[in-house]
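The sequence shown runs 750 to 902 under this note's numbering.
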Amino acid sequence: MPFSKVKPITILMADDDEDDRLLAQDALAESRVLNELYFVEDGVELLEYLERKGKFEDKSSSPRPGLILLDLNMPRMDGREALQAIKGNPNLKGIPVVILTTSKQEEDMVKGYDLGAASYITKPVTFDGLVELMKTLGKYWVEFVELPSTFND
Numbered sequence: 750m751p752f753s754k755v756k757p758i759t760i761l762m763a764d765d766d767e768d769d770r771l772l773a774q775d776a777l778a779e780s781r782v783l784n785e786l787y788f789v790e791d792g793v794e795l796l797e798y799l800e801r802k803g804k805f806e807d808k809s810s811s812p813r814p815g816l817i818l819l820d821l822n823m824p825r826m827d828g829r830e831a832l833q834a835i836k837g838n839p840n841l842k843g844i845p846v847v848i849l850t851t852s853k854q855e856e857d858m859v860k861g862y863d864l865g866a867a868s869y870i871t872k873p874v875t876f877d878g879l880v881e882l883m884k885t886l887g888k889y890w891v892e893f894v895e896l897p898s899t900f901n902d
């Protein structure tokens with residue numbers, strides 16, 4: 750039974766793989782979860798988005814995310830470095846970060862949690878699996894988790 754105060758959150762996905770970004774977008778649409786999904790291609794763009802620099806200055810086209818989906822293996826700045834920067838920034842550290850990656854390495858999982866990730870999820874190998882994941886993530890982060898109102902700035 751959904752709660753009456755269900756309100757969509759902005760999800761920001763950092764992933765360098767265009768196919769993965771398109772699949773995530775399609776999966777979110779297929780899951781019928783009412784979240785806005787934005788994309789960046791690497792850790793450098795992720796931090797520029799979060800700090801509203803360059804092409805991400807406009808709040809209306811780059812809203813503060815309520816959730817970040819973070820790939821680990823990206824060019825320029827990988828997900829580990831980006832996560833460390835986010836959690837080291839007092840203005841950003843409260844944003845939940847879910848690592849969504851192909852890596853099943855135990856050391857990546859341990860380091861991700863040590864750096865402050867809220868969850869570590871291995872990317873599903875099928876589209877149906879991705880749809881189910883997006884539906885579950887959307888339901889969890891929208892219906893159950895309470896985020897501070899400061900996430901709407």
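Glycine included, C-beta positions come from ideal geometry on N, C-alpha and C. Every value quoted in this text rests on a predicted model; they were computed, and no experiment measured them.
- When DSSP states are grouped into helix, strand and coil, Glu881 belongs to the helix group.
- Between Thr850 and Leu882, the CB-CB gap reaches or exceeds 8 Å.
- A buried status is given to Ser811, since no fewer than 16 other beta-carbon atoms sit within 10 Å of its beta-carbon.
- For Met858, the CB contacts under 7 Å within the same chain, skipping 5 residues up- and downstream, are Tyr869 in chain order.
- Closest by C-alpha distance to Asp766, out of Phe788, Lys853 and Asp807, is Phe788.
- Listed as beta-bridge partners of Val789 by DSSP are Ala763.
- For the pair Pro873 and Lys853, the Cα-to-Cα distance works out to about 12 Å.
- Looking at the backbone, the Cα of Lys802 and that of Pro757 are separated by about 25 Å.
- Listed as beta-bridge partners of Val847 by DSSP are Leu818 and Ser868.
- About 6 Å separates the beta carbon of Gly792 from that of Met823, a gap short enough to meet the 8 Å contact definition.
- In the three-state scheme derived from DSSP, where H, G and I count as helix and E and B as strand, Gly887 is classed as helix.
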